[in-house]
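Those protein sequences? They're chains U and H, same order as listed. Under UniProt numbering, think of the first position of the first sequence as 1, with each following residue one higher. Under UniProt numbering, think of the first position of the second sequence as 1, with each following residue one higher. Even glycine gets a Cβ: it sits at the ideal position worked out from N, Cα and C. To start, the structure under review is shown below, and the notes come after it.
There are 2 protein chains.
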Amino acid sequence: MSSEEIARKRLNAIQQQLTRSTGPADLSRERANASFDVNQMKTFFAGGKEFSEAMDDAYRFIQRDPELYLGDEYIFDASVTEQREATMRQLRRYVEVRDMLKSSLLVRAFHDAMCQYSEAFSMRLYVHEILFPQALRLFGTSEQYSEWIDDLLSWRIIGCFAMTELGYSSFLRGLETTATFDKKADEFIINSPSILSTKWWVGMAGETATHTIVLAQTVVDGKKCGIDWFVVPLRSRKTGRLVAGVAAGNIGTKYGRNGLDNGWIQFSGIRIPRTNMMMRWASVSPDGKYHPSPNPALSYAPLIGERLEVIRATISTASRALTIACRYGCVRRQGANNEQIMDFQSYYVQLMPGIAGLYVANIIDRITGSKWNKLVDNVDDGTLFLNNIADIHGISAGLKSIYGWWGVDILEFCRRSLGGHAYSSYNAIGEFIQDFSPITTGGGDNYTLMNQAAKYVLGSLKMASNGIKLEGSVAYLNNIQEALSRSNSSMASENEILDLNFITGALAWLSIRKAKAIETTLSGGGVAVWNDNIVHLIKLAEIHTHHYILSEYHNDLVEYGSTEYKDLLPMLTQMGQLWGTYVMQSLLELFLEEGYFSPSQAKMVKKVFYDLCRKTRKEVIPLVDAWAVPDFILKAPLGRYDGDIYPAYFNRVRNTPGCVGVPSYWSKYIKPMTDPDS
Amino acid sequence: MSSEEIARKRLNAIQQQLTRSTGPADLSRERANASFDVNQMKTFFAGGKEFSEAMDDAYRFIQRDPELYLGDEYIFDASVTEQREATMRQLRRYVEVRDMLKSSLLVRAFHDAMCQYSEAFSMRLYVHEILFPQALRLFGTSEQYSEWIDDLLSWRIIGCFAMTELGYSSFLRGLETTATFDKKADEFIINSPSILSTKWWVGMAGETATHTIVLAQTVVDGKKCGIDWFVVPLRSRKTGRLVAGVAAGNIGTKYGRNGLDNGWIQFSGIRIPRTNMMMRWASVSPDGKYHPSPNPALSYAPLIGERLEVIRATISTASRALTIACRYGCVRRQGANNEQIMDFQSYYVQLMPGIAGLYVANIIDRITGSKWNKLVDNVDDGTLFLNNIADIHGISAGLKSIYGWWGVDILEFCRRSLGGHAYSSYNAIGEFIQDFSPITTGGGDNYTLMNQAAKYVLGSLKMASNGIKLEGSVAYLNNIQEALSRSNSSMASENEILDLNFITGALAWLSIRKAKAIETTLSGGGVAVWNDNIVHLIKLAEIHTHHYILSEYHNDLVEYGSTEYKDLLPMLTQMGQLWGTYVMQSLLELFLEEGYFSPSQAKMVKKVFYDLCRKTRKEVIPLVDAWAVPDFILKAPLGRYDGDIYPAYFNRVRNTPGCVGVPSYWSKYIKPMTDPDS
């Protein structure tokens, strides 16, 4: 035992005597288990030393600034109105602070830290600074983009994004809002013909936005010619009152993100100049001629970016929930031997793959995000954009659904991991669940997206069958003949399972087999047959997407061997193995059903998975520490870095206004019963 | 086509033209699909004609009474304080109304309807009228019970149930609160020695209760001798102020049930008479002699009733969520052919087993509830009670976990089924999720309970192996030798799968196999080996409990053949088949891994399950209609009985105070940005 270890043990012993709280000692013992440099991992996870330090600065800035910081006593007891006001207060301050900051790195860190701090803030900012401008960029000409962008970035106008209608969401061709061209006036008339056509869920439309970009049916000479985007004013910049011809308001109290003013909009014949139609792809000329887009699916392109954002949202939320659950799991003790509950298999078998999944997702987010950003930056090269849009659309649809659903699962598991204590709002996980869950149905419903991803795989398979060489996420389908000729796995030892090539190979095999079987089932059938096989289609999209995730992660890992991160490789490899075996064991039923694995091989896969969970459990605290989420962002006393959770939790409750005292309704409703004779 | 059908078609066509809302026509068409008498099914589900009519009366009463009815405009926008007050207002009124009602049937219906209307009301009432009195009944002598019960039932005192501590929940032996006997004074001194020993989550302790029944370590002559129950005063019945020696307060804002005042309690040496110790099983005599309980596990007995209540809670909540989701699914249209989304396999494959599961649960609730009530009613016959406690404990542990987890899954699926619209609080499902989810960790954490259920199965298996004949839920283990000698299923046709005997037989086989395998793994190992196999133990408890559910359901069905419900048998049998195949396909991986099913048999099971889902989907609306939940209890415009959902939803939003208008923070935070020069 080293002298340092002896000192630590003594310190722990004293600490335990003094406070009866074993938490701090537990966590410091857990921290000593790290096989890797936690600071280096923190740097890696953040994407570089400079950015990691900038994040630290940004966190510090937020916690100090009284207009940004929400205050412990406030956040979970605030009314909807108070939350709205606080979020807008943060936004205004955010714009001021950003203008002050000189370093673009610091601006980005400040942005990321604030978004992690508040989902409502994050969505408000996203709508205005990403969704609206990206739509301008993708659908407007360069001139149109220039016309609006300065006012937007300075917040002289506030934008929102009006796509979904009350009666139509994922099926955009059903949209009812019309933009009718009036040639004489050189204007479009925007109209909502029914209740169902009311624009719905539009973030910032409830109270804030001065302008919106609207998706509508373009009508020329009484004929619907296409679905296009139009910029329409909503409110006076001076007074906040609605422009004539626009009705808009709040959607009201929501299951999550109540600081965001989701709203509805009804247009009643408001007129806008013809040039407010975004004309990069489709256009209407002054003489009333409609020039269609080369690819009508382009209208949905902004959603690709939104969908890829779900990866980051999952990392942001799940990393907080997992940090809280894992620290609590190492401090909480229960059972005959007073065990740490983290040592129960039911806990670590769920929490460890969660952690591994986030390490993998972090890489996937970087890789896929940069693919998309490259396309957006080069949108003026129409060919490049159009050639790549199908693959990135397929990828984004699959990733959004996989990570959205998985995020909900992880959060629910973290909730259960706190025993009853997630029932208290002050332990934050309840709010995480509410803020995150709508992701599975918003921005393209996951079921619909998985259908689209499956359609893309099936279409690609057909091309591959016809000998066309595929690129991108579907390239593995080029091996269709080899896969169809192989009927089972020759895997004979546990070691083989740890090879990521083995796992991606198995997933590729399963995807091809499943796709081929579905192709046969669907052939000749119409929409009804498709509808009766959606469960299988979703499964196909799931396998395909998992293949993409693991292949990309694996390819990326190889590159770190020669960088400053090479010492992290063993742990990063373990994370890939854990995630890979987690995915494989979740698909075991299919592997068995298709005869790829024998029962004994299946048991082997499971054993390797469980073993990896137990093995990595030892480093659970270093692994979550490396995400470096400060306590004030976690918002949960049970997730405290120092492990001294109980006094903090009790004080949080005790200091809440209204904690003690006779309730206002005592004399009205209780006393008449308990003291009937007085 | 019959003339009735022609008339209906014409009516539908006209209706569609007038309103553009196809919902009413869709639902009436769906209703015409019923192969059974919906009213008869309603009667059956309610448990009889008289009670079904009493429920209708009770619903009407509630909706008319302004102190009971919450009002559409109110419920989802109320603050925590407003919710607390409204719930207590309802409680006071409830007591008055109950005293007025003459029929005990109507009282029960009124109770059930109110509990369905508000979870917070339900829990407040449950704590006071069931949890506290049942503890008195189970642990107090008859004299002690008589001493308190009148004051309790008349609400002259208000009770709560103080078991869980901040640091200890499922592991009760770890509890720290002490009840120290002072022989001279013939009193107990109740003390909370640390922060961790603070009683936590106690419903009604936050603001309301005047008395509590406390689980504490009994200390006599400086020695801890057992864990017993003590009645302790908390607040003045006249003023609501805390009794000296008691600190108590609110736990604060929660993830759900905010109308309930969950609280914390710290005892600082408060003295109670010796006779406030509940002395049915254990007792302390005036001379300071401790007489231990014949079975220390008896202390947890009240939780058995609480756990069985989870079945009813699942039915209550899931029936509402499923009604909303299924009606919406039949009204909402999407896709190229404007399909009802209910026709998408991804929907009906999740919603139909949910419906079947509730029909099954309804029977299980009745059967198991009456087993438990019989024991409680005969508690004075100590032998009967002690002989049956182990089996009912095992059953309740399994059922509580299975239904709790499954309920969360169903609610989450219903949330997703509303597309984005569950994001609006006004569609109720968000609140259902919050109100229900804590069930999985409260009243005995599900993981802990499943460990206990598995332990019971393993212990029973050992007895069966030694030739002891078992009764109750584990009786199937008597066939251990036959099961171990059979290595796979001979099932050859889809028809065999529809036989519930086949399904229960397969579950029994799997349970025995799994139990035997676990027994081998655990043998000789200590706590650490147990902890590393919890996932398998939980799976065992799950299979065992599913076997109980399906066997009991099957046995019960047989009896209806000769009753007034015989015409319902075909549908009730289908519900059993659908639930049975749902359970079996969810366990396919294990059946394949153990070699019980071959890959082709497994595919057959799945096919039968999917076919049943599609077949029963035709009657989805009649099946949920039979639960007869009125619109005002559903609280969700999207779940309206008449299907005219969109205007109701829009009006609900539009009529909420604050829906439109310039927000209070405009001039403070927005105008300075949008109108910087003014």
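Practice prompt. Could you round the C-beta distance between D261 of chain U and G206 of chain U to whole angstroms and report it? I think they count as a contact, below 8 Å.
Written response: If you number the first sequence from 1, residue 261 of chain U lands on position 261. If you number the first sequence from 1, residue 206 of chain U lands on position 206. The C-beta distance from D261 of chain U to G206 of chain U rounds to 3 Å, short enough to fall under 8 Å.
Worksheet item: Within 7 Å: the Cβ of D377 of chain H and any heavy atom of the ligand ZN?
Response: Only the bare structure without any ligand can be found here, which leaves the ligand ZN out of the picture.
Worksheet item: So L399 of chain U packs on I355 of chain U, CB below 8 Å; how close in whole Å?
Response: Sequence index remark: in the first sequence, residue 399 of chain U carries index 399 (1-based). Sequence index remark: in the first sequence, residue 355 of chain U carries index 355 (1-based). With a Cβ gap of about 19 Å, L399 of chain U and I355 of chain U do not count as contacting.
Worksheet entry | Helix, strand or coil at F121 of chain H according to DSSP, with G and I counted as helix | For this step, residue 121 of chain H is matched to residue 121 along the second sequence. F121 of chain H falls in the helix class under three-state DSSP.
Worksheet item: For A636 of chain U, does the three-state DSSP call read helix, strand or coil?
Response: Mapped onto the first sequence, residue 636 of chain U falls at position 636. In the three-state reduction of the DSSP assignment, A636 of chain U falls in the coil class, being assigned neither a helical nor a strand state.
Discussion item. Just to confirm the assignment: which complete alpha helix (DSSP H) runs, minimum length 4, are found wholly within the region 317-345 of chain U?
Written reply: The qualifying runs do not exist here; there are none.
Worksheet item: Using a Cβ-Cβ distance under 8 Å, would M88 of chain U count as near chain H?
Response: Reading the first sequence from its first residue, position 88 is the one you call residue 88 of chain U. Nearest CB-CB separation between M88 of chain U and chain H: below the 8 Å threshold.
Worksheet item: Contact between the region 445-452 of chain H and the region 401-413 of chain H: three or more CB pairs below 8 Å?
Response: As far as the Cβ criterion goes, the region 445-452 of chain H touches the region 401-413 of chain H, which means the pair count is three or higher.
Item to complete: Using the DSSP secondary-structure output, state which residues sit across from P273 of chain U in a beta bridge.
Response: Stepping through the first sequence from its first residue, residue 273 of chain U is reached at position 273. Residue pairing by DSSP places P273 of chain U opposite U:E187 in a beta bridge.
Discussion item. By the DSSP assignment, the alpha helix (DSSP H) with D611 of chain U in it spans what residues?
Written reply: Residue mapping note: residue 611 of chain U aligns to position 611 of the first sequence, counting from 1. P599 to R617 is the extent of the alpha helix (DSSP H) around D611 of chain U.
Worksheet item: For A636 of chain H, which residues from the same chain have a beta carbon less than 6 Å from its beta carbon, with the 5 sequence-adjacent residues on both sides left out?
Response: As a working note, residue 636 of chain H is residue 636 in the second sequence. Taken in chain order, the residues that qualify are I324, N427 and A428.
Item to complete: Could you give the DSSP three-state label for S425 of chain U: helix, strand or coil?
Response: Along the first sequence, read from residue 1 onward, the residue named residue 425 of chain U stands at position 425. Three-state result, S425 of chain U: helix.
Practice prompt. May I ask you to verify whether the region 151-171 of chain H touches the region 181-201 of chain H, counting CB pairs closer than 8 Å and requiring at least 3?
Written response: yes
Practice prompt. Report the three-state DSSP secondary structure of residue 695 of chain H (helix, strand or coil).
Written response: Because chain H here runs from 1 to 678, residue 695 of chain H falls outside it and cannot be looked at.
Discussion item. Less than 8 Å between C-beta atoms, sequence neighbours within five positions excluded: which residues of the same chain meet that for Q134 of chain U?
Written reply: Position 134 of the first sequence holds residue 134 of chain U. So the qualifying residues of the chain are P302, G305 and V376.
Worksheet item: If you follow the alpha helix (DSSP H) that A162 of chain U is part of, which residue opens it and which one closes it?
Response: Within the first sequence, the letter at position 162 stands for residue 162 of chain U. Where A162 of chain U is concerned, there is no enclosing alpha helix (DSSP H), although the beta strand (DSSP E) it sits in stretches over G159 to A162.
Worksheet entry | chain H contact residues for D445 of chain U, given Cβ-Cβ distances below 7 Å | Sequence index remark: in the first sequence, residue 445 of chain U carries index 445 (1-based). Under the 7 Å cutoff, chain H gives G419.
Worksheet item: Below 8 Å between beta carbons: does that hold for G249 of chain U and I645 of chain U?
Response: For the purposes of this step, residue 249 of chain U is taken as the residue at position 249 of the first sequence. For the purposes of this step, residue 645 of chain U is taken as the residue at position 645 of the first sequence. Not in contact: G249 of chain U and I645 of chain U (Cβ atoms no closer than 8 Å).
Fill in: Residue closest to R235 of chain H, alpha-carbon to alpha-carbon, out of U:D365, U:S678, U:W666 and U:G442
What you label residue 235 of chain H is simply residue 235 of the second sequence in a count that begins at 1. Looking at U:D365, U:S678, U:W666 and U:G442, the one whose alpha-carbon comes closest to that of R235 of chain H is U:W666.
Practice prompt. Using a cut-off of 7 Å between C-beta atoms, extract the partners of T178 of chain U located in chain H.
Written response: To locate residue 178 of chain U, count along the first sequence from 1; it is residue 178. Those do not exist, as T178 of chain U stays about 15 Å from chain H at its closest Cβ, beyond 7 Å.
Worksheet item: Thinking C-alpha only, which one of U:V605, U:V219 and U:Y669 is nearest T178 of chain U?
Response: In the first sequence, residue 178 of chain U corresponds to position 178, counting from 1. Nearest of U:V605, U:V219 and U:Y669 to T178 of chain U, Cα basis: U:V219.
Discussion item. Can you find the residues in the same chain that come closer than 8 Å, C-beta to C-beta, to F597 of chain U, ignoring five residues on each side of it along the sequence?
Written reply: For the purposes of this step, residue 597 of chain U is taken as the residue at position 597 of the first sequence. So the list reads N488, S489, M491, L588, F591 and V605, once near-sequence residues are dropped.
Worksheet entry | N379 of chain H: contacting residues in chain U (beta-carbon distance under 7 Å) | Translated into positions along the second sequence, residue 379 of chain H becomes position 379. Residue identity differs from the one stated: residue 379 of chain H is Val in this sequence, not Asn. Within 7 Å Cβ-Cβ: nothing; V379 of chain H doesn't reach chain U, min ~28 Å.
Fill in: Cβ neighbour criterion (16 or more within 10 Å) applied to P570 of chain U
By 1-based counting over the first sequence, the position of residue 570 of chain U is 570. Under this definition P570 of chain U is an exposed residue.
Item to complete: Kindly give me the distance between the Cβ atoms of V246 of chain H and G643 of chain H, rounded to whole angstroms, as I take these residues to be in contact under 8 Å.
Response: Your numbering for residue 246 of chain H matches position 246 in the second sequence. Your numbering for residue 643 of chain H matches position 643 in the second sequence. Not a contact, Cβ separation roughly 54 Å.
Fill in: Of the listed residues H:N191, H:W264, H:G240 and H:I621, nearest to W200 of chain H (C-alpha basis)
Your numbering for residue 200 of chain H matches position 200 in the second sequence. Ranking the options by Cα distance to W200 of chain H, first place goes to H:W264.
Item to complete: Please specify which runs of the beta strand (DSSP E), each continuous and at least 3 residues long, are wholly inside the region 253-301 of chain U, giving them in chain order.
Response: 263-273
Worksheet entry | I468 of chain U burial status per 10 Å Cβ neighbour count (16 or more: buried) | The residue given as residue 468 of chain U occupies position 468 in the first sequence. Exposed, by the Cβ-count rule.
Discussion item. I want to verify the contact list: residues of chain H whose CB lies under 7 Å from the CB of K469 of chain U, in sequence order.
Written reply: The sequence position of residue 469 of chain U within the first sequence is 469, counting from 1. Going along chain H, no residue has its Cβ under 7 Å from K469 of chain U, so there is no contact; the nearest lies around 31 Å.
Discussion item. Given a cut-off of 8 Å on the beta-carbon distance, is the pair residue 682 of chain H and Y548 of chain H in contact?
Written reply: Since the first and last residues shown for chain H are 1 and 678, residue 682 of chain H lies out of range.
Worksheet item: Using DSSP with H/G/I as helix, E/B as strand and the rest coil, what is P570 of chain H?
Response: Locating residue 570 of chain H in the second sequence gives position 570, counting from the first residue. Note: P570 of chain H maps to helix in three-state DSSP.
Item to complete: Pull up the distance between the alpha-carbon of T275 of chain H and that of D380 of chain H, whole angstroms please.
Response: The count along the second sequence starts at 1 and reaches residue 275 of chain H at position 275. The count along the second sequence starts at 1 and reaches residue 380 of chain H at position 380. Each residue's alpha carbon lies about 19 Å from the other.
Worksheet entry | Contacting residues, own chain, Cβ-Cβ under 6 Å from Y255 of chain U (five flanking each side not counted) | Counted from its first residue, the first sequence places residue 255 of chain U at position 255. Counting only Cβ-Cβ distances below 6 Å, and skipping sequence neighbours, we find Q434.
Practice prompt. Starting from I62 of chain U, find everything on chain H with Cβ-Cβ shorter than 7 Å and list it in chain order.
Written response: Taking the first residue of the first sequence as 1, we reach residue 62 of chain U at position 62. Within 7 Å Cβ-Cβ: nothing; I62 of chain U doesn't reach chain H, min ~17 Å.
Worksheet item: Does the beta-carbon distance from A109 of chain H to A25 of chain H come in below 8 Å?
Response: As a position in the second sequence, residue 109 of chain H is number 109, starting the count at 1. As a position in the second sequence, residue 25 of chain H is number 25, starting the count at 1. Result no, Cβ atoms of A109 of chain H and A25 of chain H do not sit closer than 8 Å.
Discussion item. I'd like the list of long-range same chain contacts for V95 of chain H, defined as Cβ closer than 6 Å, with 5 residues on each side in sequence excluded.
Written reply: Counting from one through the second sequence, the residue named residue 95 of chain H turns up at place 95. Closer than 6 Å at Cβ, skipping near neighbours: W155.
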